[in-house]
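Take a look at the structure set out below.
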Amino acid sequence: MKQFSVIRLALAAVLCVLLAAPVLGQGPRPMEADILTPLQKAYDFIQAGKYDAAEEQLKIVLKKDTFNPFALNNLAAIAFQKGQIKEAIAYLADALKDSDKYLDKVQETCFVGGMCNAVKPVGAVGATSSITPIIKDNKAKLEKKLAESPLPPTPSTPPAMDVKKPEKEKGK
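In case it helps, mature numbering (1 follows the signal peptide of the UniProt record, and there is no 0) puts the sequence shown at residues -25 to -1, 1 to 147.
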């Protein structure tokens, strides 16, 4: 009876290994086309200076993949181009949350101020994340730029004052 249980256990273990082998051997895969295509289109729009069209493509990506570091990096690039440094830094902070999990290779183009403004995934994967170092570098450059030339303070609006009307003199 014990021999029968040992044989069944051994068969079950072999079966588990055989079933898991195809999954374990797959390795990382490039981004799906429904993510990759809008990212590539957005990159092309950024290069052409069509930032609104690029933003629309990047929003498509973020609806499907909320913390996609390629989309967030490119939104940061657009915000930087528009002079919105704080917003750009916020996008980059979000981009760093999961960027190490994205092993897709990139083609990059650098523009204004030495910041790598946009990245274009090429549909192939590497051994490590190629986007994480770019995001970290962009964030460091923007934080330095912000520290060197802080944004002017936003003027405040004082609260409305209650104006008391003089009381009418009695007897007149």
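The C-beta atom is built at its ideal place from N, Cα and C for all residues, glycine as well.
The beta carbon of Val100 sits closer than 6 Å to the beta carbons of Pro3, Pro5, Leu78 and Asp79 from its chain, once the five residues preceding and following it are set aside; these are given in chain order.
Within the segment 97 to 131, the alpha helix (DSSP H) runs of at least 4 residues that lie entirely inside it are, in chain order, 106 to 123. In the three-state scheme derived from DSSP, where H, G and I count as helix and E and B as strand, Ala23 is classed as coil. Beta-bridge partners of Gln82 (DSSP): Lys95. Taking Asp73 as the centre and dropping the five residues before and after it, the same chain places the C-beta of Phe42 closer than 6 Å to its C-beta, in chain order. Its chain contains Cys91 and Asn92 as the residues whose beta carbon lies nearer than 7 Å to that of Cys85, once the 5 sequence neighbours on both sides are disregarded; these appear in chain order. One thing to note: Ala51 has its Cβ within 8 Å of the Cβ of Ala63. Within the same chain, and ignoring the five residues on either side of Asn48 in sequence, the residues whose Cβ sits closer than 6 Å to its Cβ are Ala70, Val94 and Ile110. The beta-carbon separation of Ile21 and Ile53, rounded to 7 Å, stays under the 8 Å limit for a contact. Here DSSP, grouped into helix, strand and coil, assigns Pro133 to coil. Sorting Glu83, Ser124, Ala122 and Pro125 by C-alpha distance to the C-alpha of Ile106 places Glu83 at the top. Rounded to the nearest angstrom, the gap between the Cα atoms of Ile35 and Asp137 is 50 Å. In the three-state reduction of the DSSP assignment, Phe55 falls in the helix class.
The C-alpha of Pro134 is placed about 42 Å away from the C-alpha of Pro44.
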